[in-house]
Amino acid sequence: METDKFKNLRYRLMETETWPLEYMFKFITPNHEGKVEQIKAILPDNGQFSFKHTSSLKHVAITCVATMKNADEIIEITERVDRIDGVLIL
0 METDKFKNLR YRLMETETWP LEYMFKFITP NHEGKVEQIK AILPDNGQFS
50 FKHTSSLKHV AITCVATMKN ADEIIEITER VDRIDGVLIL
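Quick note: the sequence shown, position 84, residue 83 per our numbering, numbers continuous.
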């Protein structure tokens with residue numbers, strides 16, 4: 000179910016994009032408690048992943064570029080990742 004938190008994202012996706020499209024997911028997460036693995040499990044298997052650690056290794060920036068069929072897919076993935084404590088959605 001769509002939350003108000005991502006209503007603006009859904010609106011922008013529906014207004015500006017044609018489907019399917021290459022979408023870039025970007026998150027920053029603490030580098031502990033298996034959070035990187037939790038996020039990877041939610042993101043599309045066919046995505047191209049890149050990871051960048053902060054100099055202190057306390058956080059990891061995760062980027063995943065994947066072909067998405069529609070805005071609902073993007074919103075669903077973003078909402079699921081948002082439930083993981085400490086994750087910043089970019």
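For glycine and all other residues, C-beta sits at the position ideal for the given N, C-alpha and C.
Under the three-state reduction of DSSP output, Ile76 falls in the helix class.
When the beta-carbon positions are compared, Val80 and Ile41 come within less than 7 Å of each other.
DSSP links His52 through a beta bridge to Val59. Under the DSSP assignment, Glu21 falls in the beta strand (DSSP E) whose first and last residues are 20 to 29. Sorting Thr53, Lys25, His58 by C-alpha distance to the C-alpha of Gln47 places Lys25 at the top.
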